[in-house]
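Heads up: the protein sequence lines correspond to chains A and B, in order. Residues in the first sequence are numbered consecutively from 400, following the working numbering. Residues in the second sequence are numbered consecutively from 387, following the working numbering.
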Amino acid sequence: MASLWRYLLAGLGLAALLAGVLAIVYLTAPQTTPGPDRSRSKTTANGLFVASFQPERGGVRQGELQSWLLTLKTVKGDPVEGAAIAVSGGMPQHNHGLPTSPQATDYLGEGRYRIDGLKFTMSGWWQLRFAISAAAGSDTVVFNIVL
Amino acid sequence: MRRLLLVLPLVALVAMALLAGCGKPQFSDTEKKVIASLALNTMPPLKPDTTNRFAEVPAAAALGSTLFFDQGMSRDGNVSCSTCHKIDRQFQDDLPQAVGIGRTNRRTMPLAGVARDPWFFWDGRRDSLWAQALTPLENPLEHGGNRAAFAHYIKKRFGERYERIFGPLPDLSTVPANASPLGTDAEKAAWAAMPVSQAEDVNRVFANIGKAIGAFERSIEPPQTRFDRFAIDLASGAEPQGDDALSPEEMLGLKLFIGKANCVTCHNGPRFTDNSFHNTGVPPVKDLPPDRGRIDAVVQVEADPFNCLGKFRDGDDNACRELRFMVKGGPDLVRAYKTPSLRGAAARAPYMHAGQFSSLEEVVEHYSKAPASVEGVSEVHPVELSDRERAALVAFLKTLSE
Numbered sequence: 400m401a402s403l404w405r406y407l408l409a410g411l412g413l414a415a416l417l418a419g420v421l422a423i424v425y426l427t428a429p430q431t432t433p434g435p436d437r438s439r440s441k442t443t444a445n446g447l448f449v450a451s452f453q454p455e456r457g458g459v460r461q462g463e464l465q466s467w468l469l470t471l472k473t474v475k476g477d478p479v480e481g482a483a484i485a486v487s488g489g490m491p492q493h494n495h496g497l498p499t500s501p502q503a504t505d506y507l508g509e510g511r512y513r514i515d516g517l518k519f520t521m522s523g524w525w526q527l528r529f530a531i532s533a534a535a536g537s538d539t540v541v542f543n544i545v546l
Numbered sequence: 387m388r389r390l391l392l393v394l395p396l397v398a399l400v401a402m403a404l405l406a407g408c409g410k411p412q413f414s415d416t417e418k419k420v421i422a423s424l425a426l427n428t429m430p431p432l433k434p435d436t437t438n439r440f441a442e443v444p445a446a447a448a449l450g451s452t453l454f455f456d457q458g459m460s461r462d463g464n465v466s467c468s469t470c471h472k473i474d475r476q477f478q479d480d481l482p483q484a485v486g487i488g489r490t491n492r493r494t495m496p497l498a499g500v501a502r503d504p505w506f507f508w509d510g511r512r513d514s515l516w517a518q519a520l521t522p523l524e525n526p527l528e529h530g531g532n533r534a535a536f537a538h539y540i541k542k543r544f545g546e547r548y549e550r551i552f553g554p555l556p557d558l559s560t561v562p563a564n565a566s567p568l569g570t571d572a573e574k575a576a577w578a579a580m581p582v583s584q585a586e587d588v589n590r591v592f593a594n595i596g597k598a599i600g601a602f603e604r605s606i607e608p609p610q611t612r613f614d615r616f617a618i619d620l621a622s623g624a625e626p627q628g629d630d631a632l633s634p635e636e637m638l639g640l641k642l643f644i645g646k647a648n649c650v651t652c653h654n655g656p657r658f659t660d661n662s663f664h665n666t667g668v669p670p671v672k673d674l675p676p677d678r679g680r681i682d683a684v685v686q687v688e689a690d691p692f693n694c695l696g697k698f699r700d701g702d703d704n705a706c707r708e709l710r711f712m713v714k715g716g717p718d719l720v721r722a723y724k725t726p727s728l729r730g731a732a733a734r735a736p737y738m739h740a741g742q743f744s745s746l747e748e749v750v751e752h753y754s755k756a757p758a759s760v761e762g763v764s765e766v767h768p769v770e771l772s773d774r775e776r777a778a779l780v781a782f783l784k785t786l787s788e
């Protein structure tokens, strides 16, 4: 009978140990906050356009000047031509703006605009805000990029 | 058997404690990735400098090296680039502020890996290595020279070497002995009186001086350190041998550097710099003229006739995207200074843009406290660090100098 107690105790001890180890692992693991919406395609704030934003070549690279493509379509799916685009942004958690001033440098047809001069100098959460003016009106869209 | 079963949990406990290294920090996979990104072996090969077509010409680099160490390249014959950029001191001078002909208001920057910078000086007031090299030559507190005098000097001392690299020197017989748009009143007047084509000839010789010095400086690269050997072993899973193994204190410092202390936010990549400008609340030095950092430099680099968009650039203007997409204003630039590389930093006190801090301990103290900036807004947030953690950070930084 006594031996059963011993097994039980040992078992409990093991379980406590396991719980402790799991707690340590859980507490010291890098925190994974849910983070901002990272979608690369979305409807603009007032619903005038559908905007998508992705690197012109390859993926996101840290520390290099890059060009991205901003593609603008109407909600019906027609390309938006002749848009005036202003770019701003920054890192909301670091209280600073962009390290460069990216610009819409070329229109490539089919609603595609080259946004050149982007540079992500550090890892973390970046925001890029586009103010878009076209025949249909003016609207804004914000993209979150997490490195 | 029963006893064995009883002992098992104890064995497990001991094994786990051993695995955890008894206080020796372990790195998660994410941390290992960050550490690998800091190692020197991830530094890409140096990109060609298309704005300087002599950048890879050995004779140009050789002439540049001669000029770099030549005290004749100054008004009083006592100052060369190497006066402040000392070859045996990581190409810096250990002084809070550089001293040429007079005392300047900034700390001399070391030169390892300088050819990889997009911007030059603490505030980035120049945009190429060769345009940078020209600036101290005409600063009255540094070399104190003027471009007309430099052109005459090159012709007299190095005419043949110059012409073999850059082609025939222009006719300088009617160029005044001293003239520059940036010099004394007399030098400015002499410069203004020169025909435009003659001024351009002198500017061309002057630009080529910078291109030769720039070609030389491209060869100055950071050496491999203990940290790099440790990082390579960590990435490959090999056990670091002998001195390459970091001590538990150094490992704790590394863990803090890439974690809680947030150093790696700006000091990232194999050069430990994001090549950008930040206000970190570093206090001004009392007896120095007002210094607003990057905000004043953007005007200067735009106005510089030797910048990437100017006529002395070689190659096409695709190389000028840093200048073209430069941030030209805004509160972020006020008292913002370049993130310096931390390679070798432990062996070159004092620190910051005007040598404000005399030790790494003071630097860590500053970033831990994160005081407000006298002007503009500091990007740094306070971090509580124990004495042990501060010492660990300093111990880690030293592995970048060994």
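The beta-carbon is built from N, C-alpha and C at its ideal position, and this holds for glycine as well.
Nearest neighbour of residue i, chosen from the options [CA to CA]
{"i": "A446 (chain B)", "options": "B:D513, B:I551 and B:G645", "result": "B:I551"}
{"i": "R729 (chain B)", "options": "B:F477, B:D415 and B:P434", "result": "B:F477"}
{"i": "G476 (chain A)", "options": "A:K441, A:L517 and A:G434", "result": "A:K441"}
{"i": "V591 (chain B)", "options": "B:R699, B:P431 and B:F782", "result": "B:R699"}
{"i": "A449 (chain B)", "options": "B:D718, B:L632 and B:A598", "result": "The question names Ala, yet the displayed sequence has Leu at residue 449 (chain B). Considering only alpha carbons, the answer is B:A598."}
{"i": "A756 (chain B)", "options": "B:T452, B:T521 and B:E770", "result": "B:E770"}
{"i": "M490 (chain A)", "options": "A:A415, A:L546, A:T504 and A:R460", "result": "A:L546"}
{"i": "A601 (chain B)", "options": "B:F454, B:D773 and B:G655", "result": "B:F454"}
{"i": "S414 (chain B)", "options": "B:L642, B:D690, B:R710 and B:K724", "result": "B:L642"}
{"i": "N589 (chain B)", "options": "B:I540, B:D673 and B:A441", "result": "B:I540"}
{"i": "P478 (chain A)", "options": "A:L464, A:S466, A:L407 and A:Y506", "result": "A:Y506"}
Within 8 Å, strictly: CB atoms of residue i and residue j
{"i": "W577 (chain B)", "j": "A593 (chain B)", "result": "no"}
{"i": "A425 (chain B)", "j": "I618 (chain B)", "result": "yes"}
{"i": "D479 (chain B)", "j": "T490 (chain B)", "result": "no"}
{"i": "G458 (chain A)", "j": "N661 (chain B)", "result": "no"}
{"i": "L527 (chain A)", "j": "G481 (chain A)", "result": "no"}
{"i": "I487 (chain B)", "j": "L527 (chain B)", "result": "yes"}
{"i": "A740 (chain B)", "j": "Q483 (chain B)", "result": "yes"}
{"i": "H529 (chain B)", "j": "S423 (chain B)", "result": "no"}
{"i": "E761 (chain B)", "j": "V720 (chain B)", "result": "yes"}
{"i": "N665 (chain B)", "j": "S759 (chain B)", "result": "yes"}
{"i": "S787 (chain B)", "j": "A705 (chain B)", "result": "no"}
{"i": "T539 (chain A)", "j": "G510 (chain A)", "result": "no"}
{"i": "H538 (chain B)", "j": "A563 (chain B)", "result": "yes"}
{"i": "K433 (chain B)", "j": "A621 (chain B)", "result": "no"}
{"i": "R612 (chain B)", "j": "T785 (chain B)", "result": "yes"}
{"i": "S727 (chain B)", "j": "G499 (chain B)", "result": "yes"}
{"i": "A444 (chain A)", "j": "F529 (chain A)", "result": "no"}
{"i": "Q502 (chain A)", "j": "W524 (chain A)", "result": "no"}
{"i": "W505 (chain B)", "j": "N438 (chain B)", "result": "no"}
{"i": "L779 (chain B)", "j": "A631 (chain B)", "result": "no"}
{"i": "V420 (chain B)", "j": "V750 (chain B)", "result": "no"}
{"i": "G510 (chain B)", "j": "L523 (chain B)", "result": "no"}
{"i": "R439 (chain A)", "j": "F542 (chain A)", "result": "yes"}
Three-way DSSP call (helix, strand, coil) for residue i in this model
{"i": "A740 (chain B)", "result": "coil"}
{"i": "G536 (chain A)", "result": "strand"}
{"i": "Q483 (chain B)", "result": "coil"}
{"i": "S438 (chain A)", "result": "coil"}
{"i": "V637 (chain B)", "result": "The question names Val, but residue 637 (chain B) in the sequence shown is Met. It is helical."}
{"i": "H752 (chain B)", "result": "helix"}
{"i": "K724 (chain B)", "result": "strand"}
{"i": "S451 (chain A)", "result": "strand"}
{"i": "I606 (chain B)", "result": "coil"}
{"i": "D690 (chain B)", "result": "coil"}
{"i": "Y406 (chain A)", "result": "helix"}
{"i": "V545 (chain A)", "result": "strand"}
{"i": "T452 (chain B)", "result": "helix"}
{"i": "G600 (chain B)", "result": "helix"}
{"i": "K472 (chain A)", "result": "strand"}
{"i": "A446 (chain B)", "result": "helix"}
{"i": "R699 (chain B)", "result": "coil"}
{"i": "Q478 (chain B)", "result": "strand"}
{"i": "K418 (chain B)", "result": "helix"}
{"i": "T436 (chain B)", "result": "coil"}
Near the ligand GTP: residue i beta-carbon under 7 Å from a heavy atom
{"i": "R461 (chain B)", "result": "In the structure on display, the ligand GTP does not appear, and there are no ligands present to speak of."}
Report task. Return the chain-ordered ranges of every alpha helix (DSSP H) run that is complete within the stretch 480-563 of chain B and spans a minimum of 4 residues. Result -> List check, alpha helix (DSSP H) in window: 515-524 and 533-552.
Report task. Output, in sequence order along the chain, the residues in the stretch 754-767 of chain B whose CB is closer than 8 Å to any CB in chain A. Result -> With the criterion set as a beta carbon lying under 8 Å from some beta carbon of chain A, the members of the stretch 754-767 of chain B are V763 and E765, in sequence order.
Report task. Could you tell me which uninterrupted alpha helix (DSSP H) segments, each at least 4 residues in length, are contained entirely in the stretch 620-682 of chain B, listed from first to last along the chain? Result -> Positions of the alpha helix (DSSP H) runs, each at least 4 residues long and wholly inside the stretch 620-682 of chain B, are given as 634-644 in order along the chain.
Requested in this report: Could you run through the stretch 708-735 of chain B and flag, in chain order, every residue whose CB is less than 8 Å away from some CB of chain A?
Outcome: Answer in chain order: E708, R710, F711, M712, V713, K714, G716 and D718.
Query raised in the report: Using Cβ-Cβ distances below 9 Å, what residues of the stretch 471-503 of chain A are close to chain B?
Result: Residues of the stretch 471-503 of chain A with a C-beta less than 9 Å from any C-beta of chain B: G489, H493, N494, H495, G496, L497, P498, T499, S500, P501 and Q502, listed in chain order.
Requested in this report: Could you name the residues of the stretch 638-653 of chain B whose beta carbon sits closer than 9 Å to any beta carbon of chain A, in the order they occur along the chain?
Outcome: Hits within the stretch, in order: G645, V650, T651 and C652.
**Report entry** Under 9 Å (Cβ pairs) to chain B, residues found in the stretch 508-519 of chain A
**Finding:** Per Cβ criterion, the list reads D515, G516, L517 and K518.
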